[in-house]
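The block underneath contains the structure these notes are about, expressed in structure tokens.
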Amino acid sequence: MFSAIARRYDFLNHFLSANIDRRWRRSCVQEVSRRLAPGTARFLDIGCGTGDLSLAFSEIGPVIGCDFCRPMLRVFQEKLARATPRNTVFVLEGDALSLPFPDMRFDAVVSAFVLRNLIDARAGLREMRRVMRHDGVLALLDFSMPRSPVIASVYRFYFLHVLPRLGSLLSGVDGPYRYLPDSVQTFPGPEALEALIAGAGFKEPEHRLFAGGIAVLLLARADHRRMDDA
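Here the sequence shown is numbered in our numbering, starting from 2 and rising by one per residue.
This is the structure:
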């Protein structure tokens, strides 16, 4: 599904969100940066896709972008060849449920619009924690459903009727932009996700809502003292 839209993915993300997605990524970087100790931190971007979040984090430290969709990674590599990141960026093909890294390797693990797509979100979270140092920062950006009745009704109409048609028309592929609203509507709300994150061995879970609740940023810290019972 993601392979089919790889070449149009960036354009469609920015167009269909009216470029608000760029602001969400910048906010993610700012929130993580505030929680890290001074000095160079090592970042892992899981499900990095075409690399927008990885490149954003490269402004504050070296990044490994990891994804199992090779056509997306090819686009990322082309983008990286044209970029001048402040810190090193590596691109790696790998599975979020079986990360090819040793334990406690990264100061922060981040992702954008990935958790919702994992076949086993709790297993994915446990794997994220495994590769993070104790007290490392977790930051997961994803879509959500607005809580305001007015915003929710307008958003639901756009999300269910306008976005799938526009996405299919502009990408030339039908499935992905019909899958998107279906997956978001069945995705747990922020409080349920905080509980899921805590249950996977993280502490201090919290969230930030963007654009009236259209997107959510989930934040937590790895707690390796709970490794045995997570």
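Beta carbons are placed, not taken as given, at the ideal position from N, Cα and C, and that holds for glycine. Remember, it's a predicted structure, so these values are computed and weren't measured experimentally.
Does DSSP classify residue i as helix, strand or coil?
i: Ser145; result: coil
i: Glu195; result: helix
i: Glu60; result: coil
i: Met129; result: helix
i: Leu54; result: helix
i: Leu93; result: strand
i: Ala231; result: Confidence at Ala231 is low in this model, with a pLDDT of 46, below 50, so its placement is unreliable and no value can be given for it.
i: Leu265; result: Beyond the ends of the chain as shown, which are 2 and 231, falls residue 265; an answer cannot be given.
i: Asp104; result: coil
i: Phe158; result: helix
i: Phe77; result: helix
i: Asp136; result: strand
Quick check on the burial criterion: 16 or more other C-beta atoms within 10 angstroms. Buried or exposed for residue i?
i: Val64; result: buried
i: Val111; result: buried
i: Ala122; result: buried
i: Cys165; result: Here the sequence assigns Pro to residue 165, which means Cys is not the residue at that position. Per the 10 Å Cβ criterion, buried.
i: Leu158; result: In the sequence as presented, Leu is not what sits at residue 158; that position holds Phe. It counts as exposed.
i: Arg130; result: buried
i: Val155; result: exposed
i: Leu170; result: exposed
i: Val163; result: exposed
i: Asp229; result: Any reading at Asp229 must be qualified, since the residue scores a pLDDT of 48, below 50, and its modelled position is unreliable; no value is offered.
i: Phe144; result: buried
i: Leu141; result: buried
i: Gly48; result: buried
So, at 7 Å on beta carbons, what are the nonlocal neighbours of residue i in its own chain, with the 5 sequence-adjacent residues on each side left out?
i: Ala57; result: Arg26, Arg27, Val30
i: Thr85; result: none
i: Leu37; result: Asp108, Ala109, Val138
i: Ala201; result: Arg123, Leu126, Arg127, Arg130, Ala231
i: Arg148; result: Gly214
I'd like to confirm something about residue i: is its beta-carbon nearer than 7 Å to some heavy atom of the ligand PLP, or not?
i: Ala109; result: As far as ligands go, the structure on display features none, and thus does not contain the ligand PLP.
Since residue i and residue j should fall inside the 8 Å C-beta cutoff, what is the C-beta to C-beta distance between them, to a whole number of angstroms?
i: Leu219; j: Glu195; result: 7 Å
i: Leu98; j: Cys67; result: Going by Cβ atoms, the distance from Leu98 to Cys67 rounds to 12 Å, so no, they are not a contact pair.
Going by DSSP, name the residue or residues bridged to residue i.
i: Gly214; result: Gly214 is not bridged to any residue.
i: Val208; result: At residue 208 the sequence reads His, which differs from the Val that was named. DSSP, once it has assigned bridges, lists Leu219 as partnering His208.
i: Ser112; result: Leu141
i: Phe44; result: Val64, Ala109
i: Phe69; result: In the DSSP output, where bridge partners are listed per residue, Phe69 has none listed.
For residue i, I'd like the list of residues in its chain whose CB is within less than 6 Å of its CB, leaving aside the five on either flank, ordered along the chain.
i: Thr41; result: Gly62
i: Phe102; result: Val132
i: Pro206; result: Glu195, Ile198, Ala199, Ala221
i: Asp96; result: Phe69
i: Ser184; result: Arg117
i: Asp136; result: Arg222
Can you name, in chain order, every residue of its own chain whose Cβ lies under 8 Å from the Cβ of residue i, other than the five neighbours on each side?
i: Arg209; result: Ser28, Glu32, Val217, Leu218, Leu220
i: Phe211; result: Ile21, Arg24, Trp25, Ser28, Val217, Leu218
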